[in-house]
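Contents: one structure, followed by commentary.
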Amino acid sequence: MLIQSHGVAPDKAQRIFNAYHGPAVEEVKASPVQARDQLGLDGGRRYVLTICRLMGWKRVDGIIEALQGLPEDVDLLVAGDGDMEEVWRKLAADLGLAERVKFLGNVPHEQIPLYIRSANVFVLNSEYEGLSHTLLEVLYLGTPIIASGVCGNPEVVEDGVNGLLVDPRDSSTLHDALARLLADPELGEQLVAAGLQRRGDFDRESTFTQVEAVLEEACAKG
Numbered sequence: 001m002l003i004q005s006h007g008v009a010p011d012k013a014q015r016i017f018n019a020y021h022g023p024a025v026e027e028v029k030a031s032p033v034q035a036r037d038q039l040g041l042d043g044g045r046r047y048v049l050t051i052c053r054l055m056g057w058k059r060v061d062g063i064i065e066a067l068q069g070l071p072e073d074v075d076l077l078v079a080g081d082g083d084m085e086e087v088w089r090k091l092a093a094d095l096g097l098a099e100r101v102k103f104l105g106n107v108p109h110e111q112i113p114l115y116i117r118s119a120n121v122f123v124l125n126s127e128y129e130g131l132s133h134t135l136l137e138v139l140y141l142g143t144p145i146i147a148s149g150v151c152g153n154p155e156v157v158e159d160g161v162n163g164l165l166v167d168p169r170d171s172s173t174l175h176d177a178l179a180r181l182l183a184d185p186e187l188g189e190q191l192v193a194a195g196l197q198r199r200g201d202f203d204r205e206s207t208f209t210q211v212e213a214v215l216e217e218a219c220a221k222g
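Heads up: the sequence shown is residues 1 to 222, going by the working numbering.
See the structure below:
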């Protein structure tokens, strides 16, 4: 963005990822089945999860629309609150999906890893994002990711490698990606495995080392 929007010379800019500090899959002692049991979720259903503020640019409406035509055992869990909740509740009702779209409100922080582990797929469908900490948390916790291909999301998710990217303004692309992942659990496992291999890019030690190197270089130049 600095290069494209502000004319900063490429050799004067360096990309350093946000550092992730939170639970990893090895630290959450709950399988997806156990996580669902702890949360009181129906173990016979499949879950798509999104975690966000319910603001218009988060495009939860696109996720609700994408649920149409998916198998009847697939529910959407929406964690978070905001101004658009009632609008999106009405959309779900108008589409005949009220029973399959669960608005959870603000989820206690300690339960977030359990919800991520319980989900078959995590979706971030924003029209705009920086480098999403939630996306990093999902990557670390080993749940398949579908994200909008905008702003910072492709820095975390490489399409077809460790997740799938979609157009947040076209819910049909999200529908197709969801259908693909839900029908092919092996693909989800492959994407998760590739995502876990990327964790070193976002750990605190890597970030601190890079920041230190930049500061040392700047100080050396006076």
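By construction, the Cβ of each residue, glycine as well, lies at the ideal position given by its N, Cα and C atoms.
Mind checking whether residue i and residue j have CB atoms under 8 Å apart?
i: residue 113; j: residue 139; result: no
i: residue 51; j: residue 80; result: yes
i: residue 178; j: residue 48; result: yes
i: residue 117; j: residue 28; result: yes
i: residue 69; j: residue 145; result: no
i: residue 228; j: residue 59; result: Here the chain comprises residues numbered 1 to 222, so residue 228 is not present and cannot be evaluated.
Starting from the Cα of residue i, find the closest Cα among the options and give me that residue.
i: residue 63; options: 37, 91, 83; result: 91
i: residue 193; options: 75, 172, 161, 173; result: 161
i: residue 153; options: 124, 175, 77; result: 124
i: residue 183; options: 36, 55, 71; result: 71
i: residue 97; options: 61, 105, 110; result: 61
i: residue 172; options: 65, 73, 187, 157; result: 65
i: residue 191; options: 163, 39, 156, 175; result: 163
i: residue 167; options: 148, 176, 181; result: 148
What does a CB cutoff of less than 6 Å around residue i pick up in its chain, not counting 5 residues either side in sequence?
i: residue 159; result: 165
i: residue 185; result: none
Would you check whether the ligand GDP has a heavy atom nearer than 7 Å to the C-beta of residue i?
i: residue 112; result: Of ligands this structure carries none, so the ligand GDP is not represented either.
Give me, in chain order, the residues of the same chain whose beta-carbon lies closer than 8 Å to that of residue i; leave out the 5 immediate sequence neighbours on both sides.
i: residue 221; result: none
Kindly list the residues whose CB is nearer than 7 Å to the CB of residue i, restricted to its own chain and excluding five residues on each side of it in sequence; keep chain order.
i: residue 55; result: 82, 83, 84
### Message
Ignoring anything shorter than 3 residues, give me the beta strand (DSSP E) runs that lie fully in the region 74-130, in order along the chain.
### Response
List check, beta strand (DSSP E) in window: 74-79, 101-105, 121-124.
### Query
Three or more beta-carbon pairs under 8 Å between the region 118-136 and the region 96-104, yes or no?
Fewer than three Cβ pairs drawn from the region 118-136 and the region 96-104 lie within less than 8 Å of each other, which leaves the two stretches out of contact.
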